[in-house]
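Residue numbers (the working numbering): 115 to 593.
Beta carbons: idealized from backbone N, C-alpha and C, even for Gly.
Report on the following structure.
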Amino acid sequence: MHPRRRRRRGRPWLTGLLVLLAVGALVYMVVGGEDEPDEQELVRGLAFAEAYMRVNSAVALSQATLTSGAAETILAEKAEEAALSASFTEGQAAVIAGEIKPNQSVFVSLQARNISAGAIHEVVTATEKEFDFRRSRPGDQWRVETDGSGSIVEFRYQTSPEDIWVTTRQDDGTYVAVKQEVPIETRHEAVAGSIASSFWLALEATGESGALAHRFMEIFQYTIDFNTETRAGDHFAMIFEKVYLDGDFLRYGRVLGAKYMGERGTYWAFYDEERGEEPGYYDEEGESLQRQFLRSPLPFTRVTSRYGRRVHPVLGGTRMHNGVDYGAPIGTPVQAVADGTVVFAGRAGGYGNLIKIRHSGGFETRFAHLNNFARGIRAGVRVTRGQLVAKSGNTGRSTGPHLHYEMLQNGRHIDPLSVDTARGEALKGGSLASFKSDIVVPWRARLTEALREAAPRALAQREAASGPDEQLDTIQTEP
Numbered sequence: 115m116h117p118r119r120r121r122r123r124g125r126p127w128l129t130g131l132l133v134l135l136a137v138g139a140l141v142y143m144v145v146g147g148e149d150e151p152d153e154q155e156l157v158r159g160l161a162f163a164e165a166y167m168r169v170n171s172a173v174a175l176s177q178a179t180l181t182s183g184a185a186e187t188i189l190a191e192k193a194e195e196a197a198l199s200a201s202f203t204e205g206q207a208a209v210i211a212g213e214i215k216p217n218q219s220v221f222v223s224l225q226a227r228n229i230s231a232g233a234i235h236e237v238v239t240a241t242e243k244e245f246d247f248r249r250s251r252p253g254d255q256w257r258v259e260t261d262g263s264g265s266i267v268e269f270r271y272q273t274s275p276e277d278i279w280v281t282t283r284q285d286d287g288t289y290v291a292v293k294q295e296v297p298i299e300t301r302h303e304a305v306a307g308s309i310a311s312s313f314w315l316a317l318e319a320t321g322e323s324g325a326l327a328h329r330f331m332e333i334f335q336y337t338i339d340f341n342t343e344t345r346a347g348d349h350f351a352m353i354f355e356k357v358y359l360d361g362d363f364l365r366y367g368r369v370l371g372a373k374y375m376g377e378r379g380t381y382w383a384f385y386d387e388e389r390g391e392e393p394g395y396y397d398e399e400g401e402s403l404q405r406q407f408l409r410s411p412l413p414f415t416r417v418t419s420r421y422g423r424r425v426h427p428v429l430g431g432t433r434m435h436n437g438v439d440y441g442a443p444i445g446t447p448v449q450a451v452a453d454g455t456v457v458f459a460g461r462a463g464g465y466g467n468l469i470k471i472r473h474s475g476g477f478e479t480r481f482a483h484l485n486n487f488a489r490g491i492r493a494g495v496r497v498t499r500g501q502l503v504a505k506s507g508n509t510g511r512s513t514g515p516h517l518h519y520e521m522l523q524n525g526r527h528i529d530p531l532s533v534d535t536a537r538g539e540a541l542k543g544g545s546l547a548s549f550k551s552d553i554v555v556p557w558r559a560r561l562t563e564a565l566r567e568a569a570p571r572a573l574a575q576r577e578a579a580s581g582p583d584e585q586l587d588t589i590q591t592e593p
């Protein structure tokens, strides 16, 4: 929908001035001279009046053109509003628009607007050659144009501002579907900052949104627990894609490079889609950042009780605490920390609602005091790392909303925060050499420059203490 154009106001004072000048000149020439006006003076007066009329006509035409453009925009908006509530009526061509509602298919959505099942079947069947309607989601938008008989002339299906499919009827009555080309622009941008209270707030303080913070945390989720291991004074930088549509920000793309400097050390991440078994993130030496287990089952929260002996908050006395407790409001998403199979999902005494997941290597993870389980989670179901399996709660023997997280190896409890399993496949040989020269060198220089601008004193101190590997002042290569 185009923004409504501003209607340019007329200039009544200019019109009035021109009228006064023209009339005044005529009056002066007719009655204001010492003698009666000669023919030449009358001609000049009439020419002046004619010039005024032409100027006024031009102004009026310009105003009419602007008004016409604004009127067209208003009419288009009105037509679109009408389409959102329209239904097909026999014998009348129609433009109808709508969106997919929860628990509704595209077929049901169109049929609710009096479009025939046969017409829907034809256009959906043709569109499925380009778009799988099993990927439809609530909020997807559609628009159809029908002729008077109810046949669909054009069908448009949109899942995002840049993902649009258009299916049109051909002269022979068949349909052809294509994905519409949308002119988007991808820019590489860099941001850096320092942590005062939390990484999330520090990222938002740069002017970017929490969605970008989440992507950064996902990259380092195998090596940094952002719930327990971030400290005030830590620094970060990243290079990322910003996607624009018609000059307006649309969404974030990939994070191409990232750096985190904290108490535990300095961490690098670089995205590579050409080398390795599959696209992913590697450190500056080509080691994969992916591990078997995530560092935390919650995207962001705080640890309220660690693994080890403690005074039990309900039963009293010193007892072994065989897991880690995360303070989390009821309903916080809980994710599987590794691929595995659910072996139990149900009520279990003091645990309340409990999930047990078996993983390779003899590992098992448990999540307790849950509010509820994700749809489809039951014994025997396979889950993948990062998949939503439940939402935290306050069930069982619990003193308040939180998640209790346990990990066992070969049947024995271990500290979940101490597990550091093997990395994915590292880059080697020529792949490693080209990775360093094509990706690490340029992005590392730009990350360092971003940090130099955001926190120059802190970066200078670290460079002085860390040696030549961190000192990248001389690297000026840009991608």
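Give me, in chain order, the residues of the same chain whose beta-carbon lies closer than 7 Å to that of residue i; leave out the 5 immediate sequence neighbours on both sides.
i	result
Ala310	Ala316, Ala346
Phe363	Lys356
Ala488	Leu502, Val503, Ala504
Gln225	Ala231, Ile234
Val554	Phe384, Glu398
Lys243	Ala291
In the DSSP assignment, what residue or residues form a beta bridge with residue i?
i	result
Leu468	Gly460
Thr596	Any property of residue 596 remains undetermined from this structure, which presents the chain solely from 115 to 593.
Trp491	First, the amino acid is wrong: residue 491 is Ile here, not Trp. Answer is none; Ile491 lacks a bridge partner.
Asn486	Lys505
Asp286	Looking at the DSSP assignment, Asp286 forms no beta bridge with any residue, so it has no partner.
Trp314	Paired residues: none, contrary to the question.
Pro447	Lys505
Ile309	Looking at the DSSP assignment, Ile309 forms no beta bridge with any residue, so it has no partner.
Tyr381	Tyr374
Gly253	Paired residues: none, contrary to the question.
Glu195	Bridge partners of Glu195: none, in fact.
Ser419	Asp439
Glu303	Phe354
Ala291	Thr281
Glu259	Val209, Glu268
Glu478	Arg472, Leu522
Enumerate in chain order the residues of its own chain whose CB-to-CB distance from residue i is below 8 Å, with the five nearest sequence positions on each side excluded.
i	result
Gly422	Met434, His435, Asp529
Glu592	In this prediction, Glu592 scores a pLDDT of 32, lower than 50, which makes its location untrustworthy; no coordinate-derived value is stated.
Asp552	none
Ser251	First, the residue type needs correcting, since residue 251 is Arg and not Ser in the sequence shown. Correct list, in chain order: Ile214, Thr273.
Ile353	His302, Glu303, Ala304, Val369, Leu370, Gly371, Ala372, Trp557, Arg560, Leu561, Ala564
Phe549	Phe384, Asp386, Arg389, Tyr396, Gly400, Leu541
Under 8 Å between the Cβ atoms of residue i and residue j?
i	j	result
Thr479	Met521	yes
Asp339	Arg389	no
Glu276	Leu359	yes
Phe221	Ile210	no
Ala569	Ala306	yes
Trp314	Ala325	no
Val296	Ile278	yes
Gly441	His516	yes
Leu565	His349	yes
Val448	Pro393	no
Asp246	Ala207	no
His473	Ala493	no
Ile229	Gly264	yes
Thr344	Ser323	no
Gly466	Ala482	yes
Thr320	Tyr381	no
Where do the N-terminal and C-terminal ends of the alpha helix (DSSP H) with residue i fall, by residue?
i	result
Val222	220-225
Val554	From DSSP, Val554 is part of no alpha helix (DSSP H); its letter is neither H nor E.
Thr239	231-241
Ala547	543-549
Glu332	324-333
Ordered along the chain, which non-local residues of its own chain (more than five positions away) have a Cβ less than 6 Å from that of residue i?
i	result
Asn486	Lys505
Thr342	Val417
Thr281	Val237, Ala240, Thr241, Phe269, Tyr289, Ala291
Val495	Val456
Gly147	Summary for Gly147: the model assigns pLDDT 44, below 50, so the residue's position carries little reliability, and this model does not support an answer.
Thr273	Asp254
Met331	Phe340
Ala351	Ala306, Lys373, Leu561, Ala564, Leu565
Glu299	Tyr358
Ser201	Arg227, Asn228
Could you give the residue range of the beta strand (DSSP E) that holds residue i?
i	result
Glu213	208-213
Thr273	266-274
Phe407	It is not in any beta strand (DSSP E) - Phe407 carries neither H nor E in the DSSP assignment.
Gln596	Outside the modelled stretch of the chain, which goes from 115 to 593, sits residue 596, for which no answer is possible.
Glu355	349-359
Ile528	526-528
Gly394	394-396
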